[in-house]
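Below: the structure, in structure tokens.
Protein chains: 2
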Amino acid sequence: MNERKIKTIIEEIYQKGFDGMIIKDINNIGYISNYFPTAFAVCLLKEEPVIYTTIMDLEFAENSSDIEVKTFKSLKDLKEILNKENYKKIAVEKTLDIETYQKISGEYELIISDLLEKERMIKTSDEIAKIKKATDIAHKSFNEVKEDMKNKKFSELAISYKLGQILRDNGAEGESFDTIIASSSSTSLPHSTPSNNKIDYPILVDWGAKYHNYCSDTTRTIVYSEKEEEIFNIVLEAYNKTIKSIKPGIKSCNLDKIARDIITEYGYGENFIHTTGHSLGLDIHEEPRIAKNDKTIIEKNMVFTIEPGIYLKGEFGVRIEDTIHVSNRGKVIGNLNPVI
Amino acid sequence: MNERKIKTIIEEIYQKGFDGMIIKDINNIGYISNYFPTAFAVCLLKEEPVIYTTIMDLEFAENSSDIEVKTFKSLKDLKEILNKENYKKIAVEKTLDIETYQKISGEYELIISDLLEKERMIKTSDEIAKIKKATDIAHKSFNEVKEDMKNKKFSELAISYKLGQILRDNGAEGESFDTIIASSSSTSLPHSTPSNNKIDYPILVDWGAKYHNYCSDTTRTIVYSEKEEEIFNIVLEAYNKTIKSIKPGIKSCNLDKIARDIITEYGYGENFIHTTGHSLGLDIHEEPRIAKNDKTIIEKNMVFTIEPGIYLKGEFGVRIEDTIHVSNRGKVIGNLNPVI
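Sequence lines, in order, name chains A and B. Residue 115 in my numbering is what sits at position 97 of the first sequence, and the numbering runs on without skipping anything. Residue 321 in my numbering is what sits at position 303 of the second sequence, and the numbering runs on without skipping anything.
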């Protein structure tokens, strides 16, 4: 990442009484060092942060890392260093697997810290630029398959492959997650998998591009019948009002409540079966979540999705999703009309 | 999966003194139930195995799961059940994240068990058929881009996208991992990422297809110069002799030694910077590893890769990889000549 960011994180580690932090998550390592491991590696964050990688990934690590790179054979080597250097309290990620946790346990305490998740919540201008670029590529690519989608000749799978190809042609590294193209009654599954069925209305597409490791995330639903349109308009109202309420200082859970209350007023509260949104960046799901139980206070330069939905089992579902950048207010990233 | 398999696993859980097992890994849940969660879910393996999923994924879980599906809101609900039903010792996966581990800790002991990894080591005929089909698709698709690759007009990225498209056209769900197309000096990185550079010799392609959730994994290196060919022939010798030595009863580490000894004899031991292979199935990397420190005894119906390689930093690298099915001997899956 950048020196200032690393310095801030290391200061916080010490402030919280840790002697260092062990990082294993690939995107956390990439966030710190710009080296995204392709094999087993860890980063030891301390005064002088160090990457430990195996000989297999060494050349790649040396080429890409902004911080010092050393080789190790196994976690035993790392443990020896920690024991020798008299560590007392070490921060670890909450995603750390228990096998590694047990392997690195030693004469010191390992304590879960959300320091990195918290740091990653506030995006730098460089990160925001990458998310915007990813979104632009995603939206442009969507427009290039829109007509094919609507003409009912192609299967969900065929269009998802085509969209994937176009995303790459337009400069993405690939999808930021498996594209969802659902149609007809399969739209009632929020995470439907594209099938060989020919596309029919309503059509729900949830897709994203990855650009310089950063994700975009958008959903559009194209409706046809009167009932579909009725549901669509409720979701659109929830989407619009929630986005209009975004500003620094409001709580995550209150944004979720705004979307949920509108949908509930229309009698579809039970059919809004997921949270209202999530942050994204290097990962497609980051903190904060725009959810009932997330009390995070929204700050400037957070980036997160707003994606209300209504799902009528056996009938159809509607979701509208955009990614929002928080400045003085919430600004939708990209300019793809939510009504297609 | 199938009833017999679930029964065996549950019997083993009890034999090992556990009152049940909590499973969170997506592919482990899919292996047991045929439901591959798209959101937060766990499987509680006990006399009557149960899937716990959130309301968001419920319809999909009910449609795909072979075992009972219940909803829960959070791990608290699960914990209450465990406490109420008087569990004493519960098995968990080694990949379980420490946050979840701490959340479900209670009046009982949670102990890492490799029971599922061990069970998944021996493939059923249905699993082997899927791996074979995935491999056939991968090999057929490779042949369809081979000439484009060799004519030096296209970039590594362009060919990797094209291969991805053809894999899907040929019936794959997608890649089983990000395709590696390296060329020229970038072949010295075992896990090189395709670039915009035009392809030149040597060309190293490491790719796989996913078919009905099962992975294939193959590597081919196309060499040109005399030195490249010399190195290629050493790797080929290691590949051939290792595969010929595969039979039930031999140890994993001994297979690694056979490959490593040959490469070392030629003076390139230091340049063989990874293990000799790994099993695969629902995951691209499964147990056993064909590695120095893996003492697993090879059994019938294991499936794993053999992939010796030599990497000359700043010059080039060569790797040859095939997936092997163990019957009375080791049989290479697919029939793509290792010499292209």
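Cβ coordinates follow ideal geometry from the N, Cα and C atoms, glycine included. All values reported here derive from a predicted model rather than from experimental measurement.
Helix or strand or just coil, what does DSSP make of residue i?
i, result
"Arg-22/A", "helix"
"Leu-100/A", "helix"
"Thr-282/B", "helix"
"Lys-259/A", "helix"
"Phe-322/B", "strand"
"Thr-142/B", "coil"
"Glu-6/A", "No information on residue 6/A is available, as it lies outside the stretch 19 to 358 that chain A covers here."
"Ser-297/B", "strand"
"Ile-328/B", "strand"
"Gly-192/B", "strand"
"Thr-341/A", "strand"
"Phe-54/B", "coil"
"Glu-333/B", "coil"
"Ile-316/A", "coil"
"Ile-252/A", "helix"
"Lys-269/B", "strand"
"Ile-302/A", "coil"
"Ile-31/B", "helix"
"Ile-149/B", "helix"
"Ile-308/B", "strand"
"Leu-76/B", "helix"
"Ile-276/A", "helix"
"Ile-264/B", "coil"
"Ser-83/B", "coil"
"Ser-376/A", "Outside the modelled stretch of chain A, which goes from 19 to 358, sits residue 376/A, for which no answer is possible."
Find the residues of chain A that neighbour residue i, judging by a C-beta separation of less than 7 Å, and give them in chain order.
i, result
"Tyr-179/B", "Gln-183, Arg-186"
"Leu-114/B", "Asp-115, Ile-116"
Anything in chain B within Cβ reach of residue i, meaning under 7 Å, just list it in chain order.
i, result
"Ser-201/A", "Neighbours of Ser-201/A on chain B: none; closest Cβ ~16 Å, over 7 Å."
"Tyr-119/A", "Ile-116"
Can you tell me the Cβ-Cβ gap for residue i and residue j, rounded? I've got them flagged as a contact below 8 Å.
i, j, result
"Asp-301/B", "Asn-45/B", "6 Å"
"Phe-147/B", "Ser-194/B", "Contrary to the premise, residue 147/B reads as Ala rather than Phe in this sequence. Their Cβ separation, rounded to whole angstroms, is 16 Å, which puts Ala-147/B and Ser-194/B out of contact at 8 Å."
"Lys-42/B", "Gly-299/B", "Wrong, their Cβ atoms sit about 18 Å apart, outside the cutoff."
"Glu-86/A", "Ile-108/A", "With 8 Å as the limit, Glu-86/A and Ile-108/A do not qualify as a contact, their Cβ atoms being about 19 Å apart."
"Thr-260/B", "Glu-339/B", "In fact, because the Cβ distance is near 11 Å, the residues do not count as touching under 8 Å."
"Gly-295/A", "Ile-308/A", "4 Å"
On the DSSP bridge assignment, give the partners of residue i in chain order.
i, result
"Arg-238/A", "Val-223/A"
"Arg-186/B", "DSSP lists no partner for Arg-186/B."
"Leu-63/A", "Met-39/A"
"Tyr-232/A", "Tyr-229/A"
"Ser-201/B", "Ile-221/B"
"Phe-290/A", "Per DSSP, none; premise fails for Phe-290/A."
"Asp-115/A", "Asp-115/B"
"Tyr-70/A", "Val-60/A, Lys-88/A"
"Ala-109/B", "Met-39/B, Ile-129/B"
"Ser-173/B", "Lys-216/B"
"Lys-349/B", "His-343/B"
"Ile-358/B", "Answer is none; Ile-358/B lacks a bridge partner."
"Ile-47/B", "Per DSSP, none; premise fails for Ile-47/B."
Show which residues of chain B have a CB atom less than 9 Å away from the CB atom of residue i.
i, result
"Phe-78/A", "Leu-207, Pro-208, His-209, Ser-210, Thr-211"
"Ala-57/A", "Pro-208, His-209, His-292"
"Ile-130/A", "Ile-116, Glu-117, Gln-120"
Report the neighbours of residue i on chain A: residues whose CB is nearer than 8 Å to its CB, in chain order.
i, result
"Met-74/B", "Pro-208, His-209, Ile-291, His-292"
"Gly-331/B", "Note on identity: in this sequence residue 331/B is Lys, with Gly being the wrong assignment. By Cβ distance, chain A contributes Glu-77."
CB of residue i to nearest heavy atom of the ligand HEM: below 7 Å?
i, result
"Ile-146/B", "The ligand HEM is not part of the structure shown, which contains no ligands of any sort."
Counting beta carbon pairs with one atom in the region 269-283 of chain A and one in the region 306-319 of chain A, are three or more of them shorter than 8 Å? yes
Do three or more CB pairs link the region 112-129 of chain A to the region 197-207 of chain A at distances below 8 Å? Counting C-beta pairs closer than 8 Å gives fewer than three between the region 112-129 of chain A and the region 197-207 of chain A, which falls short of the contact rule.
Pairing CB atoms from the region 251-266 of chain A with CB atoms from the region 315-322 of chain A, are three or more of them under 8 Å? yes
Three or more C-beta pairs under 8 Å: does that hold for the region 29-43 of chain B against the region 170-182 of chain A? no
Contact between the region 64-84 of chain B and the region 201-220 of chain A is defined here as three or more beta-carbon pairs at a separation below 8 Å; is this criterion met? yes
Do the region 323-337 of chain B and the region 277-286 of chain B meet, that is, are 3 or more Cβ pairs less than 8 Å apart? yes
For the structure I just gave you, are there three or more beta carbon pairs, one from the region 157-171 of chain A and one from the region 124-137 of chain A, closer than 8 Å? no
Counting pairs of beta carbons, one from the region 91-103 of chain A and one from the region 228-242 of chain B, are three or more of them closer than 8 Å? no
For the pair the region 213-225 of chain B and the region 285-296 of chain B, tell me if three or more CB-CB distances fall below 8 Å. no
Does the contact criterion of 3 or more C-beta pairs under 8 Å hold for the region 238-253 of chain B versus the region 329-338 of chain B? Three or more beta-carbon pairs drawn from the region 238-253 of chain B and the region 329-338 of chain B are found closer than 8 Å, and the two stretches are therefore classed as touching.
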